[in-house]
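Residue numbers (our numbering): 90 to 452.
Below: the structure, in structure tokens.
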């Protein structure tokens, strides 16, 4: 089949998507990647929660008029707070979304060495491996018709499997049919290899099974995503938006970059990845490449991607507002569920669960 051109709708196009009649709320919302995906699928996000100030700034910069952003620690938020703000009653919410911080389970981090401890997370210090259970607390009290929860693939690998089993049991306990699938963004319309564990639950009384999107029969490449951007093929010295230096020249990392072929990662500096034009991008990690540290790099030149390139590779609109310096803006994209990926997850749930329930007069 012919692959359609890569296109992420602009913020204006997203705002013009008609409301499909379904409402959602978002927890651990970050800079708003998931919320934007739901909006692409026509859902209206009534309430969102984000505790990290830098992430909340980005979310706020792109917030829809009907969305209330709560910046308190999620541990202090109650279901009553949410219901009072949205005017809903328990059981009336269509969809609850959540992406509890996942660094403690990532295979790129220290894993169990960081469990049960307070440590640096973004620009705060907190314990994060227990936050999934704050999501399940709200799930039980809100009783939404459907929920979606996201975490890293590392949650089902090695010693983290114990946490996975606890989380799965906690998600089922309030009365939900739950399935979990490892989904890869590169097969869901995003030009980035990004594997994420997606839990979908449907309330037992609705007698419907959880659903996950089927993979597309094609993938997009780095060239598909950024090839038409100004300067995409150039050895740029700084990011046009922030003035932040992009080049690796003059840093020890440059020699490692020259040892790589396009599409490769370094065997010693394992977090250093050189993109290839005709492949999807490597995973955009949350820790942006500062001078002399590793991250994804341009296919042809020893430089980091521009923010415009990162938006495209991350499935964000060109005009999505990022806040903070270059590294904070990179972090927002690196921590996000790609909006295009979440839009496909949301559309599948909309079409196969929520719409049939509404058509049958059951909601």
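Cβ atoms here follow ideal geometry from the backbone N, Cα and C, with glycine treated the same way.
Backbone secondary structure at residue 222 - three-state DSSP:
For the purposes of this step, residue 222 is identified with residue 133 of the chain shown, where counting begins at 1. In the structure shown, residue 222 sits in a helix (DSSP, three-state: H, G or I).
Which residue's Cα is closest to the Cα of residue 219: 180, 259, 427, 242?
As a working note, residue 219 is residue 130 in the chain shown. Here the closest residue by C-alpha is 259.
Go to residue 356, then tell me how far its alpha helix (DSSP H) extends in each direction, as first and last residue.
Reading the chain shown from its first residue, position 267 is the one you call residue 356. No residue range can be given for residue 356, since it is assigned to no alpha helix (DSSP H) and is classified by DSSP as neither H nor E.
Cβ neighbour criterion (16 or more within 10 Å) applied to residue 298:
To locate residue 298, count along the chain shown from 1; it is residue 209. So residue 298 ends up on the exposed side.
Under 7 Å Cβ to Cβ from residue 305, same chain only, skipping five residues before and after it: list those, please.
The residue given as residue 305 occupies position 216 in the chain shown. Residues 276, 277, 278 of the same chain have their beta carbon placed closer than 7 Å to that of residue 305, with the five preceding and five following residues left out of the count.
Complete runs of the beta strand (DSSP E) confined to the stretch 240 to 289 [at least 3 residues]:
With a minimum length of 3 residues, the unbroken runs of beta strand (DSSP E) contained wholly in the stretch 240 to 289 fall at 265 to 273.
Residue 93, buried or exposed, once every other Cβ within 10 Å from all chains shown has been counted against 16
For the purposes of this step, residue 93 is identified with residue 4 of the chain shown, where counting begins at 1. Looking at its Cβ environment, which holds fewer than 16 other Cβ atoms inside 10 Å, residue 93 is exposed.
Looking at the structure shown, is residue 346 part of a helix, part of a strand, or coil, going by DSSP?
Sequence index remark: in the chain shown, residue 346 carries index 257 (1-based). Three-state DSSP puts residue 346 in a helix.
So the alpha helix (DSSP H) residue 419 belongs to, where does it begin and stop?
For this step, residue 419 is matched to residue 330 along the chain shown. Segment 415 to 424, the alpha helix (DSSP H) holding residue 419.
Let me make sure I understand the geometry here. Which of 153, 414, 90 has the alpha-carbon closest to that of residue 115?
Numbered from 1 along the chain shown, position 26 holds the residue referred to as residue 115. Closest option to residue 115, Cα to Cα, is 153.
Mind checking residue 419: buried by the 16 CB within 10 Å criterion, or exposed?
Residue numbering aside, residue 419 sits at position 330 when the chain shown is read from its first letter. By the neighbour-count rule (16 or more Cβ atoms within 10 Å), residue 419 is buried.
Within its chain, find whatever has a CB closer than 6 Å to the CB of residue 315; leave out the 5 residues flanking it on each side and keep chain order.
By 1-based counting over the chain shown, the position of residue 315 is 226. Excluding its 5 nearest sequence neighbours in each direction, residue 315 has C-beta neighbours in its own chain below 6 Å: 321, 398, 401, listed in chain order.
Evaluate the contact criterion for the stretch 152 to 168 versus the stretch 119 to 138: three or more CB pairs, one atom per stretch, below 8 Å.
These segments touch.
Tell me, please, which residues DSSP counts as bridged to residue 133.
As a working mapping, residue 133 is identified with position 44 in the chain shown. Note: residue 133 is bridge-paired with 112 in the DSSP secondary-structure output.
Looking at C-alpha atoms only, which residue of 429, 337, 349 is the closest neighbour of residue 99?
Counting from one through the chain shown, the residue named residue 99 turns up at place 10. The option with the nearest alpha carbon to residue 99 is 429.
Return helix, strand or coil for residue 207, following the three-state DSSP convention.
Numbered from 1 along the chain shown, position 118 holds the residue referred to as residue 207. Reliability fails at residue 207, whose pLDDT of 49 lies under 50, so the model's placement of it is uncertain and the value that follows must be treated cautiously. Judged by DSSP in its simplified three-state form, residue 207 adopts coil rather than helix or strand.
If we count the other Cβ atoms within 10 Å of its Cβ and call it buried at 16 or more, is residue 271 buried or exposed?
Indexing the chain shown from 1 puts residue 271 at position 182. Label assigned to residue 271: exposed.
In chain order, what residues of the same chain have a beta carbon less than 7 Å from the beta carbon of residue 392, not counting five sequence neighbours either side?
As a first step, residue 392 is located in the chain shown; it is residue number 303 there, counting from the start. In its chain, beyond the 5 residues on either side, 324, 325, 335, 336, 337, 386 have a beta carbon closer than 7 Å to the beta carbon of residue 392.
Following the continuous alpha helix (DSSP H) through residue 396, name the residue where it begins and the one where it ends.
The sequence position of residue 396 within the chain shown is 307, counting from 1. DSSP places residue 396 in the uninterrupted alpha helix (DSSP H) bounded by 396 to 402.
Where residue 166 and residue 231 are concerned, what is the direct C-alpha to C-alpha distance, given to the nearest angstrom?
What you label residue 166 is simply residue 77 of the chain shown in a count that begins at 1. What you label residue 231 is simply residue 142 of the chain shown in a count that begins at 1. Going from the Cα of residue 166 to the Cα of residue 231 covers about 12 Å.
Here's a check: name, in chain order, each residue in its chain whose Cβ is nearer than 6 Å to the Cβ of residue 256, leaving out the five neighbours to either side.
Numbered from 1 along the chain shown, position 167 holds the residue referred to as residue 256. Cβ neighbours of residue 256 beyond the five flanking positions: 221.
Express the C-alpha separation of residue 363 and residue 382 in angstroms, rounding to a whole number.
For this step, residue 382 is matched to residue 293 along the chain shown. For this step, residue 363 is matched to residue 274 along the chain shown. Here the alpha carbon of residue 382 sits roughly 13 Å from the alpha carbon of residue 363.
Coil, strand or helix - residue 432 by DSSP
Counted from its first residue, the chain shown places residue 432 at position 343. Helix at residue 432.
So, is residue 108 buried or exposed, given that buried needs 16 or more other C-beta atoms within 10 angstroms?
Position 19 of the chain shown, counted from the start, is the residue given in the question as residue 108. Its Cβ having fewer than 16 others within 10 Å, residue 108 is exposed.
Run through DSSP, which three-state label would residue 126 get?
If you number the chain shown from 1, residue 126 lands on position 37. Of the three classes helix, strand and coil, the one that applies to residue 126 here is helix, per DSSP.
Look at the alpha carbon of residue 368 and the alpha carbon of residue 404, and state the distance between them as a whole number of angstroms.
Against the chain shown, residue 368 aligns to sequence position 279. Against the chain shown, residue 404 aligns to sequence position 315. C-alpha separation (whole angstroms): 15 Å.
Only counting the same chain, and skipping five residues up and downstream in sequence, which positions put a Cβ closer than 7 Å to that of residue 121?
Residue 121 sits at position 32 when you count from the first residue of the chain shown. The residues are 147, 148, 151.
Distance CB(residue 434)-CB(residue 126) smaller than 9 Å
On the chain shown, residue 434 is found 345 positions in, with the first residue counted as 1. On the chain shown, residue 126 is found 37 positions in, with the first residue counted as 1. Less than 9 Å separates the beta-carbon of residue 434 from that of residue 126.
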